[in-house]
Structures are given as structure tokens and as C-alpha cells.
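This report concerns only the one structure given below.
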Amino acid sequence: MNKLFIISSLALLLSGCASYYQRNIEFQTEFANGEMDKAEKTLEGNKKMKKDRNRFLYLTNMGVVKHLQQDFESSNQFFNEADLLFEDYRKNYASEALALISNPEVKPYKPEDFEPVMVHYYKALNYLNLYKYDEAIVEAKRMNLMLNQLNDKYKDNKNRYQADAFAHIIIGLAYEASGELNDAFIAYRNAYEVYTGEHGYFDIEVPVQLKEDLLRTSYVLGFRSEFEWYQRAFGVDDYSYEPLEFGEAIIFWQNGLCPIKDEWSINFIAVPGQGGVVNFTNEELGMTFPFYIGDDKQKKNDLLALKVVRVAFPKYLERPTLYKNGWIELSGKKFELDKVEDVNAIAFKTLQDRFVREMGSALLRLALKKISEIQLQQQNEALGALATITNAVTEKADTRNWQTLPHTIYYARVPLNEGGNEVLLKMKTKDNQVHRTSFNFQGKKGSMYFMPYQSLESGPAATWDNAGNTKPVMKD
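Each residue of the sequence shown is one higher than the one before, counting from 11 in our numbering.
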């Protein structure tokens with residue numbers, strides 16, 4: 011009877027071991043293939059995704075799907091709810107207590123710090139397309155406001171991602187669309203300061219278009235000293251201002267897809283320390299975490315008897331972009347697309363920063379599991395065996411993340427001709443094949459169009475067959 015119970019329990023536990031990406035492979039595949047209507051239907055029919063613990067991800071995924079369907083009003087309705095959900099987020103203490111002895115995925119999903127910031131990016135972009143410039147400015151400003159609030163809660167090991175340069179560019183564009191050139195100049199200057207800060211901005215060079223916007227706005231506003239400073243900084247000797255006659259189109263190219271989460275394990279050796287402390291040490295990574303036991307010799311001996319303990323933590327797997335660069339063509343003229351945001355790099359660095367802050371609590375969770383396991387083994391062999399199985403299976407990382415974000419974002423400003431304009435977006439693959447798509451705009455005095463486009467193609471993904479082996483997901 012005991013053996014049957016243990017086997018049944020093991021089967022139940024193993025059923026939950028797939029990663030978040032694997033459990034939602036149907037939606038992920040439809041989304042990556044650009045089948046937004048199918049992806050929406052699949053997501054809408056996923057009851058587990060709508061549950062409280064996953065609702066932030068349901069809302070943000072639906073927001074992106076609606077954005078790509080160019081239903082900007084509906085998109086913002088989903089993002090507004092996601093925004094409110096995050097703002098109202100409070101620790102679920104019952105779930106937190108359970109998570110300390112089981113699996114973090116029983117808790118409501120707590121977004122990585124950059125993810126709620128990207129909610130405001132999409133809201134700003136949606137508002138630009140709805141010609142609601144004041145609202146777009148508010149949302150773009152909230153990107154950096156949220157970054158400040160998130161980092162203020164960390165006393166040590168703050169995030170590298172502390173300011174968003176692209177948010178300032180969006181603010182500048184929205185101010186220009188509103189005819190407020192002075193405020194636009196200030197926003198562009200703020201963006202430049204982030205790109206050129208002490209630590210740089212995730213290895214992104216100052217966009218050429220941003221340099222041109224700083225020169226143009228400072229020149230038109232008559233800010234002579236600022237204009238001459240930027241001339242020297244950018245190595246521009248001769249500058250000629252050419253006013254727009256028939257408006258412009260701003261193209262946002264969202265290239266590829268962000269990384270997905272998986273799990274990795276770290277082994278620690280339990281060694282005795284001073285003053286009632288047991289140290290968990292990994293010499294290879296140069297990491298040591300103390301665990302205070304006090305005068306409880308039995309508990310100390312139990313932990314030291316473990317010798318090697320394993321801790322699970324999430325890791326990102328990059329989905330390499332199919333396209334290495336892109337550009338815009340109109341009437342024989344070529345306009346380069348400048349990289350402005352590397353979401354992939356931000357994701358990796360943000361998780362790395364969290365790892366440094368949270369490894370101690372992960373070890374606490376593991377220590378409680380192991381102590382419970384040892385105590386049960388001493389009391390009842392069958393229950394102890396079950397505890398061993400349970401701990402082995404449930405010691406897992408939370409592999410949930412917002413997986414419909416882009417990998418990298420580029421932009422270009424394209425002056426339009428009078429009347430109809432067919433603007434070509436050309437994208438070059440890593441083996442130098444060129445793919446293209448086009449947009450149509452009506453050029454007229456004072457017009458300013460915003461066009462987001464996402465290329466969803468990425469490097470080989472992987473799915474899991476029934477035997478637990480990996481196999482490539484092929485695309486036509």
C-alpha cells in the first residue's frame with residue numbers, strides 16, 4: 011500500500027515538471043508563426059492561464075496579440091489591467107509559506123523587474139498609434155518612474171537596468187507630434203545621457219537618428235551653445251537644416267522574440283561554520299551562504315550529513331534573431347534602422363541581478379525541505395521516502411516569463427513625399443538573404459505617422475517529445 015501511494019504521488023508530481031514554455035507550446039508556436047487569430051483563441055481557451063497566479067502573463071500576452079492585430083484600444087485594455095494587477099500585487103503569505111517548502115510556481119507570478127516596465131512601453135506605443143500623444147508621454151515617463159521605484163526597494167545589488175533610454179526617445183517623439191519642440195529636445199538630451207552613462211546602455215551605441223534629432227532641435231530652438239557642443243561631440247562640421255515639407259513616418263521594428271526561461275541547478279557543499287552556522291559553499295562559483303542553526307546540534311548534524319545539496323534557479327535561453335539588421339527604402343533613398351533597445355540583454359542582466367539577491371532565500375527553502383525529509387525518515391520510513399521523492403521533484407525553478415516580448419527594437423524616421431508613399435522595410439538574415447515588407451502613407455504637411463512592425467522569426471526553438479527528448483520545431 012505504501013509503495014503504491016509513493017508511486018502514485020511520484021507520477022502526479024512528475025506531471026508538473028515541464029517548463030512554462032513547454033506547457034504552452036501550442037500558443038507559443040501559433041504566435042511565433044504569426045497566426046494571431048489562432049493564438050488569441052488558444053490563449054482565451056486556456057483556463058490555467060487565466061487563474062490568478064498566471065493572470066499577469068495572460069493579460070500581457072493578450073495585450074501583445076491585440077497590438078500585433080493593430081487593435082490598439084483593446085490592447086491597452088489588457089495592458090491597463092496588467093498594470094493595475096502589478097500595482098496591487100501583494101505577497102500572498104499563504105503561498106509564500108508553501109513555496110518555502112515546495113515550488114515557487116504555486117505563488118502568483120511575480121514579474122521580472124523589466125516586464126512591468128515593458129507594459130508601459132506597449133501602452134505608449136498604442137497611444138502613439140491612436141494619436142493620443144499626452145497619454146503616450148505619461149506612459150513613457152512611467153517606464154523610468156517604475157524603474158526608480160523598483161530599484162529603491164533594494165538596499166544592495168541593485169539592478170543594472172535603472173533607466174530606459176528608449177523611453178526618453180518615445181517621450182521626445184510624442185512631444186514633437188504635439189508641437190512641443192523644447193520638451194522634445196529635453197527628452198532627447200535625457201536619452202543621450204542614458205546611452206552615454208558610466209556603464210553604457212547594454213552595449214548599444216548612441217543611435218545616429220538621436221544625434222540628428224539633438225542637432226536639429228537645438229539648432230531650430232536657437233540653443234547655440236548646446237548645438238555647438240553636439241557638433242563637437244558628434245564630429246559634425248557642416249550642418250544644414252532641412253525642414254519637412256510633407257511629414258514623416260516613424261518605423262519601430264521589433265525584431266525577433268525575447269528569451270524563454272528554463273531551469274539550472276547549483277550544487278552546494280554543507281560545511282561547518284562558527285557560532286552555530288552551517289555554510290553552503292560552491293567553490294567553482296566562489297559562493298558561500300551561511301545558514302544559522304544556533305545551538306541545535308541535531309539540526310546542524312542533519313544538515314552536515316547532507317554533504318551536497320542542489321538548488322534550482324531559473325535561467326534564460328536566448329532565441330537568436332533570424333535577421334541581423336534592417337533598413338528602410340523610399341524613392342531610392344535608404345534610411346538605416348538604429349538599435350535603441352535590447353530587451354534580450356536587459357532580461358539576462360535583470361535575472362542575473364536577482365540571482366545575486368535571492369540565492370540565500372533559495373537555500374533557506376532547500377534547508378527546510380531537507381530537515382523535514384530527515385525528520386520524517388527518522389519517524390516513518392515510507393513517509394520519509396515520499397518526502398525524498400517530493401523534495402526531489404518539487405525543488406524546481408519558476409520558469410514562467412512574458413515570452414511574447416521582442417528580442418531587440420530598432421527605429422527610423424523617414425521623410426515622406428507629397429501624396430502616396432510606399433515605404434519598404436528590408437531585413438537581412440544572417441546568411442544575407444533579404445526579406446521585405448511595405449507600408450503605405452499619405453504625405454502631407456504636418457503629418458507624423460507611427461508604424462510598429464514585429465518580425466517574429468527567430469532561431470531554432472525546441473519542443474519535447476513523449477520520451478522527454480528534445481527535437482527541433484521546423485518552420486516552413
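We treat Cβ as the ideally placed atom computed from N, Cα and C, and that holds for glycine.
Asked                                                                                                                        : Found
C-alpha gap between Phe451 and Asn154, whole angstroms                                                                       : 32 Å
CA-to-CA distance, Lys307 to Leu466, given in whole angstroms                                                                : 57 Å
Three-way DSSP call (helix, strand, coil) for Asp408 in this model                                                           : coil
Beta-carbon contacts of Asn427 that lie in its chain and below 7 Å, excluding the five residues immediately before and after : Phe256, Ser341, Gly453
N-terminal and C-terminal residue of the beta strand (DSSP E) that Tyr333 is part of                                         : 333-340
Burial state of Trp239 (16 or more Cβ within 10 Å)                                                                           : exposed
6 Å CB neighbourhood of Lys48 in its chain, flanking five on each side removed                                               : Glu40
Which of helix, strand or coil DSSP assigns to Asp348                                                                        : strand
Residues of its chain near Asn192, where Cβ-Cβ distance is below 7 Å and the 5 sequence neighbours each way are ignored      : Leu231
Cα-Cα separation between Ser228 and Ser188, rounded to whole angstroms                                                       : 17 Å
Asp348 versus Ile419 - alpha carbon distance                                                                                 : 8 Å
Three-state secondary structure (DSSP) of Val246                                                                             : coil
Buried versus exposed, by CB contacts within 10 Å (16 or more), Leu361                                                       : buried
Among Ala422, Val433, Gly210, Thr331, nearest to Ser468 - alpha-carbon criterion                                             : Thr331
Contacting residues, own chain, Cβ-Cβ under 8 Å from Lys334 (five flanking each side not counted)                            : Lys438, Thr439, Lys440
Simplified DSSP assignment, three categories, for Lys101                                                                     : Only weak support is given to the placement of Lys101: the predicted model assigns it a pLDDT of 48, under 50, and the question is left unresolved by the model.
Short Cβ contact (8 Å threshold) for Trp263 with Gly336                                                                      : yes
Pro121 in three-state terms, based on DSSP                                                                                   : coil
Residues bridged to Lys163 [DSSP beta-bridge criterion]                                                                      : DSSP, once it has assigned bridges, lists no residue as partnering Lys163.
Distance, Lys151 Cα to Arg170 Cα                                                                                             : 19 Å
DSSP bridge partner residues for Pro500 (one or two, in chain order)                                                         : With the chain represented from 11 up to 486, any question about residue 500 goes unanswered, as that position is not in the structure.
Counted within 10 angstroms of its Cβ, other Cβ atoms place Asn5 as buried (16 or more) or exposed                           : The chain is shown only over 11 to 486; residue 5 falls outside these bounds and no answer can be derived.
Inter-residue Cα distance where the pair is Tyr103 and Lys406                                                                : With a pLDDT of 41 at Tyr103, under the threshold of 50, the modelled position of this residue cannot be trusted; read the value that follows with caution. Distance between the alpha carbons of Tyr103 and Lys406 is about 20 Å.
7 Å Cβ shell around Phe124 - same chain, five flanking residues per side excluded                                            : Tyr171, Ile356, Ala357, Thr360
Straight-line gap, Pro282 to Asn167 (C-alpha atoms, nearest Å)                                                               : 27 Å
For Leu224 and Val246, the rounded distance between their alpha carbons                                                      : 12 Å
For Leu183, three-class secondary structure by DSSP                                                                          : helix
Exposure of Arg320, with buried meaning 16 or more beta-carbon neighbours within 10 Å                                        : exposed
Proximal residues to Gln241 (C-beta, below 8 Å), its chain only, five neighbours per side dropped                            : Leu225, Asp247, Tyr249
Nearest residue (CA-CA) to Arg33, options Phe460, Ser448, Ser457, Thr409                                                     : Thr409
Distance between Asp312 and Ile384 (C-alpha atoms, nearest Å)                                                                : 7 Å
Given Ala377 as reference, the closest of Lys455, Asn292, Ala280 once Cα atoms are compared                                  : Ala280
Residues of its chain near Gly478, where Cβ-Cβ distance is below 7 Å and the 5 sequence neighbours each way are ignored      : Because the pLDDT of Gly478 is 29, which lies under 50, any placement of that residue in the model is unreliable, and the number read from its coordinates should be weighed accordingly. Cβ within range, chain order: n/a, list empty.
Three-way DSSP call (helix, strand, coil) for Ser468 in this model                                                           : strand
Residue from Lys60, Leu374, Leu138, Ile180 whose Cα sits closest to the Cα of Phe290                                         : Leu374
Contact check, Leu415 vs Cys268, beta carbons under 8 Å                                                                      : yes
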